[in-house]
Amino acid sequence: MRSCESCPGGVLCTAENLYPMLRRVYDLHAGGLTDKFDILDALDEDDEALLDKYNNRITRDCWSKAALLTLADVVAERCAENPADVAAVVADVFHQGKSAFQAFPWHLPDLVDQAPDLYAIIAVRLDDAQFADPLGKRAFVKLCKAASYG
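Throughout, my numbering is defined as the position within the sequence shown, counted from one, plus 424.
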């Protein structure tokens, strides 16, 4: 997955550190909290400390990577819970993520550009019967395009 040009990698990567906070944003949004300021108010002090810590080095690539890692987590969890219709789960998660992250400076077309990497991350987290068998890469990319451009 693409990182920013100055990414130190590993535990120092801004995206790796921010994506748990974006996961909370996703969950708050999915729970019905849709106003940007209400969501920011609902985040805890640790999340605010993370934003303060990384504020001077967050790039669009960092936000995009954090958003994609969040989507990978949610897709993996939901597919494990509901393996019957993987394509519908992926489409729903992407739609919700697009809406939840619209206030953040992530680059939505990265959902398409980095679809193969995102697919691989999700596939590693699930066994083939839960993800790769019912949803091939080509169908996954189509879902990414539909979420990004639709």
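Quick reminder that beta carbons are idealized off the backbone N, C-alpha and C, glycines included.
- DSSP places F555 in the coil class of the three-state scheme, outside both helix and strand.
- For W487, the enclosing alpha helix (DSSP H) has its first and last residue at 484-505.
- When the alpha-carbon of S572 is set against those of W530, D462, D476, the nearest one is in W530.
- Taking the CA atoms as reference points, A496 sits about 17 Å from T438.
- Distance from V513 to V499 at the Cβ level is roughly 7 Å; contact confirmed, criterion being Cβ atoms closer than 8 Å.
- With distances taken between CA atoms, G521 lies nearest to L446 out of I545, L446, S430, E440.
- Taken through DSSP and simplified to helix, strand or coil, C428 comes out as coil.
- Within the same chain, L550, Q554 come within 8 Å of A504 by CB-CB distance, once the 5 residues on both sides are set aside.
- Assignment of G434 by DSSP, reduced to helix, strand and coil, places it in the helix class.
- The residue from S427, G574, A563, A508 with its alpha-carbon nearest to that of D485 is S427.
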